[in-house]
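Residue numbers (our numbering): 107 to 213.
To start, the structure under review is shown below, and the notes come after it.
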Amino acid sequence: MLTPENYKKVFQQAHRAGSPHFTIIARANNLSHPRLGLAVPKKQIKTAVGRNRFKRIARESFRLKQHELSKKDFVVIAKKSAQDLSNEELFKLFDKLWKRLSRPSHG
Numbered sequence: 107m108l109t110p111e112n113y114k115k116v117f118q119q120a121h122r123a124g125s126p127h128f129t130i131i132a133r134a135n136n137l138s139h140p141r142l143g144l145a146v147p148k149k150q151i152k153t154a155v156g157r158n159r160f161k162r163i164a165r166e167s168f169r170l171k172q173h174e175l176s177k178k179d180f181v182v183i184a185k186k187s188a189q190d191l192s193n194e195e196l197f198k199l200f201d202k203l204w205k206r207l208s209r210p211s212h213g
């Protein structure tokens, strides 16, 4: 679980991979595993159902890919249009962005 202090660090010096629907920010951590943080503002996704669905898919996608990811803290920030995507579309987009962020050049 990321603490507010961890979030601050991630935002300070981070690599980003974005889409029109959400952004993932990544920063190396000193741990032996990647960690996930979520920012899903009410302003962007109005309904609790919508926010929870987005978070559930983000967590599941992270869980399935974490063994391929480098040792970084990742923060996913939802945008308004994320609620318009199907679960399948969200998973595909997450996969694409995880791949982008796990490349060595994003150290």
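Backbone N, C-alpha and C define an ideal beta-carbon position, used for all residues, glycine too.
All of these numbers come straight from a predicted model, not from anything done at the bench.
Smallest Cα separation from residue i: which of the options?
i, options, result
"Phe-160", "Lys-171, Gln-172, Glu-111 and Pro-147", "Pro-147"
"Asn-50", "His-139, Ser-167, Arg-133 and Leu-207", "Past the edges of the chain, shown from 107 to 213, lies residue 50, and the structure says nothing about it."
"His-127", "Glu-194, Arg-141 and Lys-185", "Lys-185"
"Leu-191", "Phe-117, Phe-168, Ser-125 and Arg-169", "Ser-125"
"Ile-183", "Arg-169, Lys-149 and Leu-137", "Lys-149"
Check for me: the beta strand (DSSP E) holding residue i runs from which residue to which?
i, result
"Leu-142", "141-145"
"Ala-184", "178-184"
How big is the Cα-Cα spacing for residue i and residue j?
i, j, result
"Pro-110", "Ala-145", "11 Å"
"Ala-154", "Lys-198", "23 Å"
"His-212", "Val-181", "Confidence at His-212 is low in this model, with a pLDDT of 47, below 50, so its placement is unreliable and no value can be given for it."
"Arg-201", "Lys-177", "A small correction: the amino acid at residue 201 is Asp; Arg does not occupy that position in the sequence shown. So the two alpha carbons sit approximately 17 Å from each other."
"Lys-171", "Trp-204", "8 Å"
"Asn-193", "Ile-163", "7 Å"
"Leu-196", "Lys-114", "26 Å"
"Phe-117", "Leu-108", "12 Å"
"Arg-209", "Gln-119", "17 Å"
"Ser-167", "Asn-158", "14 Å"
"Asn-136", "His-121", "16 Å"
Below 8 Å on the Cβ atoms is my contact criterion, and I expect residue i with residue j to pass it. Report the Cβ-Cβ distance as a whole number of Å.
i, j, result
"Ile-130", "Ala-188", "Contact flag wrong, Cβ pair sits at about 12 Å."
"Asp-179", "Gly-143", "7 Å"
Along the alpha helix (DSSP H) that carries residue i, what are the first and last residues, could you check?
i, result
"Lys-114", "110-118"
"Ala-154", "154-171"
Check this for me: beta carbons of residue i and residue j, under 8 Å apart or not?
i, j, result
"Leu-207", "Ala-123", "yes"
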